[in-house]
Amino acid sequence: MTITIVVPCYNEQEVLPWSIAQLLSLTDRLRHDTGDEARLMFVDDGSTDSTWDIIAQAAAKHDGISGLKLAHNVGHQNALWAGIEQTYRECDATVSIDADLQDDSLAIIDMARHVAQGADIVYGIRRRRQTDTWFKRTSAQAFYRIMRTVDRNMLYNHADFRMMTRRAAHALMQYPERNMFLRGIVRQLGFHEAMVYYDRTARTAGESKYPLGKMISFSVDGITSFSTAPLKFITFAGLAMTLVALVTIITALAEHFSGKTIEGWTSLLVSLWFIGGVVTTGVGITGVYVGKIYTEVKRRPRYFI
Ligand code: UDP
Ligand code: MG
Numbered sequence: 029m030t031i032t033i034v035v036p037c038y039n040e041q042e043v044l045p046w047s048i049a050q051l052l053s054l055t056d057r058l059r060h061d062t063g064d065e066a067r068l069m070f071v072d073d074g075s076t077d078s079t080w081d082i083i084a085q086a087a088a089k090h091d092g093i094s095g096l097k098l099a100h101n102v103g104h105q106n107a108l109w110a111g112i113e114q115t116y117r118e119c120d121a122t123v124s125i126d127a128d129l130q131d132d133s134l135a136i137i138d139m140a141r142h143v144a145q146g147a148d149i150v151y152g153i154r155r156r157r158q159t160d161t162w163f164k165r166t167s168a169q170a171f172y173r174i175m176r177t178v179d180r181n182m183l184y185n186h187a188d189f190r191m192m193t194r195r196a197a198h199a200l201m202q203y204p205e206r207n208m209f210l211r212g213i214v215r216q217l218g219f220h221e222a223m224v225y226y227d228r229t230a231r232t233a234g235e236s237k238y239p240l241g242k243m244i245s246f247s248v249d250g251i252t253s254f255s256t257a258p259l260k261f262i263t264f265a266g267l268a269m270t271l272v273a274l275v276t277i278i279t280a281l282a283e284h285f286s287g288k289t290i291e292g293w294t295s296l297l298v299s300l301w302f303i304g305g306v307v308t309t310g311v312g313i314t315g316v317y318v319g320k321i322y323t324e325v326k327r328r329p330r331y332f333i
């Protein structure tokens, strides 16, 4: 079997030489252990440092290494997509892994074994993440928990480290949407699945390219591309408010007929603000979806090489 290892890289000059060496020795082990031929595909996601020079040099030196240079930074998910789209036809399976190899690359050997036994999609699942900072760990865990409540299919602690056979990748390519949340979509493909467990290690060099801001927008993206739970929540809130309003009308009428007049200025002002706030929030959440429809409808190309 031939395997292409797709590695998205964004400003990874610090770790890349190490990662390339690691992955090259992995290809040797694969050849030795399972008899599989692996190739490396590095996708430069519009890096502004010397990442591309490192890839180009490695590609010139080794036959099994190639590079894909995207014209500008399109984000991890799109870079991954680009790498898979450009390679899946020429190999039996593609596997995606982050450039910092925080996800144990040796797990690829187990993945290859699962594919040999008939699996089409093999998910890498993080067993422990002791080496992450406390903040990264809790925020990531919270992210998975929220995703799980809005989308039952979501795998806990699975990042984008997975192997897919050609037919699974081909199926994935049929999804035309632009708001890409790969780990959600892949679960909808429905081929034979398998899991491989590994420990997540620390970054050997360089910094995380997922600071808090990006992580939050990634979560919001994941939730709004995969579920209408926030919209349902507004509906429930609306229903509850109607119920409260009904009770208020009845009591107000009762008070009116019993001859009591209410000054009511304070309560009026308070409810005015309250309703205003709720409505605005609702409009805001709806706006997120409208924004997504807007970008989907435009059908812009995902990347240029
Ligand atoms: N990455 C990318 N484009 C981006 C941001 C990140 O291709 O705009 C890549 C990055 O080079 C790495 C992977 O996505 O290979 C995951 O990033 P990182 O390791 O920084 O995230 P973390 O492990 O901290 O979640
Ligand atoms: Mg990382």
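Offset between the sequence shown (1-based) and this note's numbering: plus 28.
Built from N, CA and C at the ideal position, the CB exists for glycine as well.
Every value quoted in this text rests on a predicted model; they were computed, and no experiment measured them.
Taking the alpha carbon of residue i as the point to measure from, which residue in the options has its own alpha carbon closest?
| i | options | result |
| --- | --- | --- |
| Arg156 | Lys164, Val150, Ile149 | Lys164 |
| Asp128 | Tyr38, Ile321, Lys89, Gly74 | Tyr38 |
| Ala66 | Thr32, Arg231, Gln85 | Thr32 |
| Ser47 | Gln145, Asp61, Phe70 | Phe70 |
| Ala196 | Ala187, Phe246, Cys119, Ser253 | Cys119 |
| Phe209 | Lys320, Gly74, Gly241 | Lys320 |
| Leu259 | Gln158, Asp72, Val311, Ala88 | Val311 |
For my contact list, residue i and residue j are in at a C-beta cut-off of 8 Å; report their separation, rounded to the angstrom.
| i | j | result |
| --- | --- | --- |
| Asp131 | Ile137 | That pair is no contact at about 13 Å. |
| Ile250 | Met175 | Correcting the residue type first, residue 250 is Gly in the shown sequence and not Ile. About 6 Å; that satisfies the 8 Å criterion. |
| Met191 | Val143 | 6 Å |
| Val123 | Val34 | 7 Å |
How big is the Cα-Cα spacing for residue i and residue j?
| i | j | result |
| --- | --- | --- |
| Thr270 | Ile303 | 11 Å |
| Lys237 | Gly103 | 10 Å |
| Trp301 | Ser255 | 29 Å |
| Asn185 | Leu296 | 48 Å |
| Ser286 | Ala280 | 10 Å |
| Ile262 | Thr314 | 9 Å |
| Thr309 | Ile244 | 18 Å |
| Lys326 | Tyr203 | 15 Å |
| Val43 | Trp80 | 13 Å |
| Asp188 | Val275 | 50 Å |
| Gly63 | Val318 | 50 Å |
| Met201 | Leu51 | 26 Å |
Quick check on the burial criterion: 16 or more other C-beta atoms within 10 angstroms. Buried or exposed for residue i?
| i | result |
| --- | --- |
| Ser53 | exposed |
| Glu40 | buried |
| Val265 | Correcting the residue type first, residue 265 is Ala in the shown sequence and not Val. Exposed, since its Cβ has fewer than 16 Cβ neighbours within 10 Å. |
| Gln216 | exposed |
| Tyr331 | buried |
| For the region 56 to 104, which segments carrying the alpha helix (DSSP H) assignment without a break, of at least 4 residues, lie completely within its bounds, in sequence order? | 79 to 89
| field | beta strand (DSSP E) segments (min. 3 residues) lying fully within the region 159 to 230 | value | 190 to 193, 221 to 226
| Where in the region 239 to 278 do unbroken runs of the beta strand (DSSP E), each at least 3 residues long, occur, reported from the N-terminal end onward? | none
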